[in-house]
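Numbering (the working numbering), first residue to last: 5 to 204.
This is how it looks when you write it as structure tokens:
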């Protein structure tokens with residue numbers, strides 16, 4: 005089974021006026037919800053549904069527990085989880101530092117080298133002209149129409165899916181999403197890489 009990709013224009017963020025190189029992005033065939041993933045594992049690995057759900061819940065619970073105790077955690081041959089922190093920008097010297105000035109920045113995931121190699125060795129890429137890719141960005145009204153149609157069939161959307169849906173870069177997609185939040189169309193849910201947007 006192949007992975008589809010398409011070529012996109014790279015935005016000129018520096019506004020240099022020079023032609024930018026194209027970049028490749030995967031054209032998603034869809035996404036799996038947590039329940040659909042469980043069903044897939046149950047069917048293909050011949051494991052009881054309740055057992056798969058229980059294992060995932062146990063891993064999730066123990067992962068949170070160990071991260072909160074300050075450990076990095078290796079999850080099978082998939083990769084490593086760890087926490088990263090941020091410091092309040094107002095703090096200039098260590099002596100000014102107070103606990104409230106430190107907060108969680110993100111939960112990092114570093115993929116295992118062998119897992120990456122396994123994916124790389126089995127990867128078959130196929131050029132695919134995405135029906136959502138357009139040379140000129142869609143106007144906001146058209147983007148909103150596509151978004152509303154998408155949210156009628158799905159409970160939420162992330163930035164990457166929205167970018168593919170309307171044929172925009174991730175930066176342009178985030179600008180649209182922030183505008184929709186200000187307009188009261190969308191609401192942000194989650195943190196870090198798990199952020200999704202739901203209809204208000």
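Just so it is clear, CB atoms sit at the ideal spot from N, CA and C, and this is done for glycine as well.
Legend entry - Neighbourhood of residue 127 by C-beta distance below 8 Å, restricted to the same chain and skipping five residues each side: Taking the chain shown and counting its residues from 1, the one referred to as residue 127 is at position 123. Setting aside the 5 residues that flank it on each side, residue 127 is surrounded in the same chain by 7, each with a C-beta closer than 8 Å to its C-beta; the list follows chain order.
Inset, instruction - Check whether the Cβ atoms of residue 92 and residue 196 lie closer than 8 Å to each other. - result: Here residue 92 refers to the residue found at position 88 when the chain shown is read from its first residue. Here residue 196 refers to the residue found at position 192 when the chain shown is read from its first residue. The answer is no: Cβ separation not under 8 Å.
Legend entry - Backbone CA spacing between residue 194 and residue 161 [nearest angstrom]: Translated into positions along the chain shown, residue 194 becomes position 190. Translated into positions along the chain shown, residue 161 becomes position 157. Looking at the two C-alpha atoms, the distance is approximately 12 Å.
Inset, instruction - Label residue 70 either buried or exposed according to how many other C-beta atoms from any shown protein chain fall within 10 Å of its C-beta, with 16 as the threshold for buried. - result: On the chain shown, residue 70 is found 66 positions in, with the first residue counted as 1. Burial is judged here by how many other beta carbons sit within 10 angstroms of a residue's own beta carbon; residue 70 has fewer than 16 and is exposed.
Inset, instruction - Taking the CB atoms as reference points, tell me whether residue 45 and residue 51 lie closer together than 8 Å. - result: Start at 1 with the first residue of the chain shown, and residue 45 comes out as number 41. Start at 1 with the first residue of the chain shown, and residue 51 comes out as number 47. Closer than 8 Å, so yes.
Legend entry - Nearest-angstrom Cα separation, counted from residue 118 out to residue 78: On the chain shown, residue 78 is found 74 positions in, with the first residue counted as 1. On the chain shown, residue 118 is found 114 positions in, with the first residue counted as 1. Within the model, the alpha-carbon separation for residue 78 versus residue 118 is close to 13 Å.
Inset, instruction - Give the DSSP-derived three-state secondary structure of residue 58 in the structure shown. - result: For the purposes of this step, residue 58 is taken as the residue at position 54 of the chain shown. Residue state, collapsed to three classes: helix.
Inset, instruction - Kindly list the residues whose CB is nearer than 8 Å to the CB of residue 148, restricted to its own chain and excluding five residues on each side of it in sequence; keep chain order. - result: As a first step, residue 148 must be located in the chain shown, where it is residue number 144. Only 184 and 189 meet the Cβ criterion.
Legend entry - Residue range of the alpha helix (DSSP H) that includes residue 33: Reading the chain shown from its first residue, position 29 is the one you call residue 33. Residue 33 -> no alpha helix (DSSP H), and no H or E assigned at all.
Inset, instruction - Please check if any C-beta of chain B sits within less than 8 Å of the C-beta of residue 148. - result: Of the protein chains in this structure there is only one, and it is not chain B.
Inset, instruction - Compare the Cα-Cα distances from residue 83 to each of 116, 180, 40 and 168 and report the closest residue. - result: Counted from its first residue, the chain shown places residue 83 at position 79. Here the closest residue by C-alpha is 116.
Legend entry - Coarse secondary structure for residue 199, derived from DSSP in three states: What you label residue 199 is simply residue 195 of the chain shown in a count that begins at 1. Looking at residue 199 - three-state DSSP - the assignment turns out to be coil, as it is neither helix nor strand.
Legend entry - Through-space distance from residue 28 to residue 124, alpha-carbon basis: On the chain shown, position 120 is the one that residue 124 refers to. On the chain shown, position 24 is the one that residue 28 refers to. Here the alpha carbons of residue 28 and residue 124 stand approximately 16 Å from one another.
Legend entry - Member of 168, 169, 108 and 163 whose CA lies at the smallest distance from the CA of residue 179: The count along the chain shown starts at 1 and reaches residue 179 at position 175. Across the set 168, 169, 108 and 163, the C-alpha of 163 shows the shortest separation from the C-alpha of residue 179.
Inset, instruction - Along the beta strand (DSSP E) that carries residue 85, what are the first and last residues, could you check? - result: Position 81 of the chain shown, counted from the start, is the residue given in the question as residue 85. Counting along the chain, the unbroken beta strand (DSSP E) around residue 85 starts and ends at 83-91.
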